[in-house]
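S.K.:
Protein chains in written order, with this note's numbering: chain A, 2 to 288; chain B, 633 to 965; chain C, -6 to 251.
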């Protein structure tokens, strides 16, 4: 090959990634996929690929994971407006794609920045899943959990969990948990139990990671409550509120760190005596 | 050069092929359809042990005849019997062989493999196939290329491979459509000798050609076609009507305007010699005139028309040229 | 009779040899690469998804590659022989047109069988090498894929006996695509109620329904395919093949090779 030809080839070759980069910057990396999602419903996509529905579902699922993260790290710059259509298309193409329902439900329900903050939609996704897979007690279990954890409706949760417990192969403790919810209206212990279950049932990945974080949040809330109790005890003994949380340690009313599970210092308002998780902490969640 | 007498079996031969009224026309045109007659009312007989030459210009129906006989196209009218069986029967095909014009023989196979495949189609055993392939490849001069894929073959080699496959089953009756096409002089000689060997072995050959000198040198009889019709069939001698009332004299060393030569009906220079056409009665005087002028008489022969002459004269169009005619009379065509 | 079978087998063996020599089986190399890449890259996802996705890819590739081979080789089987006239010396021998036609079909069928078998082994191997179980239940999907491919070859041969290889390829692809949509067309009754049901039914009946050969989803999820269902799918394929090959053969027999 002559030198001129080689140079020309090299020049042409560099044009390719360069122009791709420029196109991406102007139009966005996933624009092609996004257009599809906005234009086509799951049913239409399904009609388009007869005989290859399963593999098409796999493709949409992989896109979903690309968007929102498949590994331990949560993705940044997520487009939650695309999550619902992606999950819908994936599960229409392959209604048995159990994990897609779960994944969609969690990240639709969790508040921002982790999720879209639309728990009603998350629950709709789980309901579709439970209908498509009536033999899956786990999906129904998740549905029950979500009613309690995101909608604060222990009665509804209890009802769904009872149904779940009747499905063959269901875990034995679903019934007692349902009873607990009905009796006590649900408390942090119930939440913990639910998140613990979701943690253990999930495989390594962001669903599990999310549950792990949730459990840590509960731990942090527990610690906060114990700190608040220590503050109250301090006030009782000393007749005044502590100016800083370190005083509790000096007064031997508190052993251990003053940080939440993420290592962020608890906030303390000396005026009101309120202990709180600061909103700078990853452990913070809106009430 | 006439092959008319060598090796012919003495008994009157029975026909191995008989056609009666065989006709075929093709549809032409895409939008407006007409019919072009390719072969009209062919009545032909092929006698056992003979070599029949099938000649005619392009489009005269030669290849159509072969295709009809091989069952590649169906006749519109007429019938035929081959080796005693009806045309449509497959029984006679076991005893016949066919070489198509421009044979295409699976370029991804070697000739040995192709012959093996052909042998399988005849139901030959594996040993028989192997033996036969070896024999045939040697016969057509392809032994050294036996294991070369035919996509690397020249046209001439393909032609020879085609010839080999036509003979796999040691057929009694062989149909060759333009067997010399694409061959160099060595190849043509090979084919010619092969055809003669076939006849010696008592086989019957029908071959078509537009190289008239081949037909002349090989065939016992010749069938002439034009426009889809059979014009004439017969032994070469009959067709060419050897004319013995005139003689041709070849002389050297004299000029054309030598005295006494005006007795000759025709006089043409052939190289540095002179060819004269002379009536039998005037022969002696012409010879004397030549020798008197210091020339030499090289030879005397009866006038003979060549097939080419016949072709052009019967079918229209001037003869190729006196020079060609002369050389055809005296030597190789 | 016996001689006829031998001749047919000779044609079939040569047709298989042709596909090997024409390097058709190199598609298996692409498949192997695909499987390897898929096996390696899918490690991002959790274990259970890997297995399902790997199987999905493997089965879809078998279906797709197999269809491409069936269409493009199938349409050449007859028409290429006619166009190049390689048919002529063969039909002059005691080989009937029927033996030739069926022999060609058998040769390509065998090629597809080999192709699918190797692909199945490659898929099993990938599953084993990525620490999952090789699943014999996959046969429940691969066998009907094979049936579908045979039917595609039948169509390819039918079209290639009546028209040129290019047009035959287009028509065969058309039939295969429409055949996959047969179920969608059947469902048209709900989607487009204005179309007269008689027309929809008629259309559905004359189209081959390739959904009858598609058991990929359930096999990917590990559900066994009932033997009875496979039996009926076989009969469906046999019925359609009979029609298609019969028509193709009739056309081939009556043709003049100008």
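All C-beta atoms in this analysis are idealised placements derived from N, C-alpha and C, irrespective of residue type, glycine included.
Small disclaimer: the values here were computed from a predicted structure and weren't measured.
Per DSSP, which one or two residues make a beta bridge with residue 880 (chain B)?
M.R.: Answer is B:909 and B:933.
S.K.: By a C-beta neighbour count over all protein chains shown, 10 Å radius and 16 as the cutoff for buried, is residue 26 (chain A) buried or exposed?
M.R.: The residue is exposed, with fewer than 16 neighbouring Cβ atoms inside 10 Å.
S.K.: Under 8 angstroms between the Cβ atoms of residue 52 (chain C) and residue 191 (chain C)?
M.R.: No, these two residues do not count as a Cβ contact at 8 angstroms.
S.K.: Quick check on residue 797 (chain B) - is its C-beta less than 8 angstroms from some C-beta in chain C?
M.R.: Closer than 8 angstroms to some Cβ of chain C, the Cβ of residue 797 (chain B) qualifies, so yes.
S.K.: Listing by chain order, which chain A residues have their CB less than 7 angstroms from the CB of residue 50 (chain C)?
M.R.: The answer, in chain order, is 56.
S.K.: Can you look up residue 839 (chain B) in the DSSP assignment and give me helix, strand or coil?
M.R.: Three-state DSSP puts residue 839 (chain B) in a strand.
S.K.: Is there a Cβ from chain A that is less than 8 angstroms from the Cβ of residue 213 (chain C)?
M.R.: With 8 angstroms as the cut-off, residue 213 (chain C) counts as an interface residue toward chain A.
S.K.: Pick helix, strand or coil for residue 241 (chain A), following the three-state DSSP scheme.
M.R.: Here residue 241 (chain A) sits in coil by DSSP.
S.K.: Among the candidates B:816, B:927, B:787 and B:883, whose CA atom is the shortest distance from the CA of residue 735 (chain B)?
M.R.: With distances taken between Cα atoms, residue 735 (chain B) lies closest to B:787.
S.K.: Does the Cβ-Cβ distance between residue 211 (chain C) and residue 100 (chain A) come in under 8 angstroms?
M.R.: No.
S.K.: Just the Cα atoms here: how many angstroms apart are residue 633 (chain B) and residue 158 (chain C)?
M.R.: Confidence in residue 633 (chain B) is poor, its pLDDT being 42 and thus under 50, which makes the residue's placement unreliable; the coordinate value appears in the next sentence. Residue 633 (chain B) and residue 158 (chain C): Cα-Cα distance of roughly 49 angstroms.
S.K.: Which residues in the same chain as residue 923 (chain B) place their Cβ atom closer than 8 angstroms to its Cβ, once the five residues preceding and following it in sequence are excluded?
M.R.: Here the set comprises 929.
S.K.: Could you give the distance in angstroms between the alpha-carbon of residue 859 (chain B) and the alpha-carbon of residue 658 (chain B)?
M.R.: Taking the straight line from one Cα to the other gives about 13 angstroms.
S.K.: Closer than 7 angstroms, Cβ to Cβ, to anything on chain C: give me those residues from the region 751 to 775 of chain B, in chain order.
M.R.: The region 751 to 775 of chain B vs chain C, Cβ under 7 angstroms: 752, 753, 754 and 755.
S.K.: For residue 64 (chain C) and residue 864 (chain B), what's the separation of their Cα atoms in angstroms?
M.R.: Answer to the nearest angstrom: the Cα atoms are 51 angstroms apart.
S.K.: Suppose only complete runs of 4+ residues qualify. What are the alpha helix (DSSP H) ranges in the region 10 to 40 of chain C, listed by chain order?
M.R.: Segments of the alpha helix (DSSP H) lying fully in the region 10 to 40 of chain C: 20 to 34.
S.K.: Is the beta carbon of residue 901 (chain B) less than 8 angstroms from the beta carbon of residue 81 (chain C)?
M.R.: Their beta carbons are not under 8 angstroms apart, which means residue 901 (chain B) does not touch residue 81 (chain C) by this criterion.
S.K.: First and last residue of the alpha helix (DSSP H) that includes residue 683 (chain B)?
M.R.: Where residue 683 (chain B) is concerned, there is no enclosing alpha helix (DSSP H), although the beta strand (DSSP E) it sits in stretches over 683 to 687.
S.K.: Would the beta-carbon of residue 275 (chain A) fall within 8 angstroms of that of residue 222 (chain A)?
M.R.: No, they are not a contact pair.
S.K.: Nearest-angstrom Cα distance between residue 26 (chain C) and residue 12 (chain C)?
M.R.: Near 21 angstroms, if we compare the C-alpha coordinates of residue 12 (chain C) and residue 26 (chain C).
S.K.: Which residues in the same chain have their Cβ closer than 8 angstroms to the Cβ of residue 97 (chain A), if we skip the five residues on either side of it in sequence?
M.R.: Cβ within range, chain order: 133 and 134.
S.K.: So is residue 10 (chain C) in contact with chain A if we call contact Cβ pairs under 8 angstroms?
M.R.: Chain A, which has no Cβ nearer than 8 angstroms to the Cβ of residue 10 (chain C), makes this no.
S.K.: Which residues in the same chain have their Cβ closer than 7 angstroms to the Cβ of residue 165 (chain A), if we skip the five residues on either side of it in sequence?
M.R.: For residue 165 (chain A), where only same-chain residues beyond five positions count, the Cβ hits under 7 angstroms are 138, 141, 142, 145, 171 and 175.
S.K.: Given that residue 177 (chain C) touches chain A, what residues does it touch there, using C-beta distances under 8 angstroms?
M.R.: By Cβ distance, chain A contributes 48 and 51.
S.K.: I need the DSSP call for residue 177 (chain A), collapsed to helix, strand or coil.
M.R.: In the structure shown, residue 177 (chain A) sits in a helix (DSSP, three-state: H, G or I).
S.K.: In whole angstroms, what is the alpha-carbon distance linking residue 67 (chain C) and residue 146 (chain C)?
M.R.: Roughly 5 angstroms between the two C-alpha positions.
S.K.: Residues of chain B with CB under 8 angstroms from residue 82 (chain C), in chain order?
M.R.: Correct list: 730, 731, 732, 735, 737, 750, 794, 797 and 798.
S.K.: In this structure, does DSSP put residue 675 (chain B) in helix, strand or coil?
M.R.: Strand at residue 675 (chain B).
S.K.: Considering only residues of the same chain and omitting the five flanking positions on each side of residue 778 (chain B), which have a CB-CB separation below 7 angstroms?
M.R.: For residue 778 (chain B), where only same-chain residues beyond five positions count, the Cβ hits under 7 angstroms are 742, 743, 744 and 769.
S.K.: Who are the neighbours of residue 128 (chain C) on chain A, taking C-beta pairs under 8 angstroms?
M.R.: Result: empty, since nearest Cβ-Cβ is about 15 angstroms, beyond 8 angstroms.
S.K.: For a contact defined as C-beta to C-beta under 7 angstroms, what are the partners of residue 86 (chain C) on chain B?
M.R.: The contacting residues are 725, 750, 753 and 754.
S.K.: Which residues, in order along the region 692 to 703 of chain B, keep a beta-carbon less than 8 angstroms from a beta-carbon of chain C?
M.R.: Result list: 699, 702 and 703.
S.K.: CA-CA distance, residue -1 (chain C) and residue 719 (chain B)?
M.R.: In a straight line, the C-alpha of residue -1 (chain C) is about 23 angstroms away from that of residue 719 (chain B).
S.K.: Please state whether the Cβ-Cβ distance between residue 610 (chain B) and residue 810 (chain B) is less than 8 angstroms.
M.R.: In this structure chain B extends from 633 to 965, so residue 610 (chain B) is not present and cannot be described.
S.K.: Can you find a C-beta in chain C that's less than 8 angstroms from the C-beta of residue 197 (chain A)?
M.R.: Not closer than 8 angstroms to any Cβ of chain C, the Cβ of residue 197 (chain A) fails to qualify, so no.
S.K.: Of the choices C:19, C:123 and C:74, whose alpha-carbon is the least far from that of residue 30 (chain C)?
M.R.: The shortest C-alpha separation from residue 30 (chain C) is found at C:123.
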